[in-house]
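Enquirer: One structure, as structure tokens, below. Some questions next.
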Amino acid sequence: MVESICRVCGLDEDDERWSRSGGAQYVICSCCGAESGVDDLDLKWVRDYRSKWIAAGCAWFSPEERPADWELDRQMGGLPAAWR
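So the sequence shown is residues 1 to 84, counted in full-length UniProt numbering.
Here you go:
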């Protein structure tokens, strides 16, 4: 299965973050700035990165890509249970 959802914030940009074989594609999330294969290797890293990002105010890494109707809770609701 290909993963396209950011494990940290739940944004789905339709980019392949993890391949079918489980290899990271090193995609940087335009929402939280986490890089697949670097910041999301295990649940502890994901939760640490997410906590720091939220504590800093959930600033978008690429603010020009932020949708006008963006809501963190709705976006994170799409996270697979394993990454919550």
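Note that beta-carbon positions come from the ideal geometry of N, C-alpha and C, so glycine has one too. Since this is a predicted model, take the numbers as computed values, not measurements.
Taking the alpha-carbon of Asp73 as reference, which of Lys52, Gly10, Ala81, Gln25 has the nearest alpha-carbon?
Expert: The shortest Cα separation from Asp73 among Lys52, Gly10, Ala81, Gln25 belongs to Gly10.
Enquirer: If we require 4 or more residues per run, which alpha helix (DSSP H) segments fall completely within the region 6–74?
Expert: Those alpha helix (DSSP H) runs which fall completely within the region 6–74 and span 4+ residues are 43–55.
Enquirer: Quick check: what's the CA-CA separation for Val27 versus Ala81?
Expert: The alpha-carbon atoms of Val27 and Ala81 are separated by roughly 21 Å.
Enquirer: Tell me whether Ala34 is buried or exposed, calling it buried when 16 or more other Cβ atoms sit within 10 Å of its Cβ.
Expert: With 16 or more Cβ atoms within 10 Å of its Cβ, Ala34 is classed as buried.
Enquirer: Figure out for me which residue from Cys31, Gly37, Glu16 has the closest Cα to the Cα of Gln75.
Expert: The residue with the shortest Cα to Cα distance from Gln75 is Cys31.
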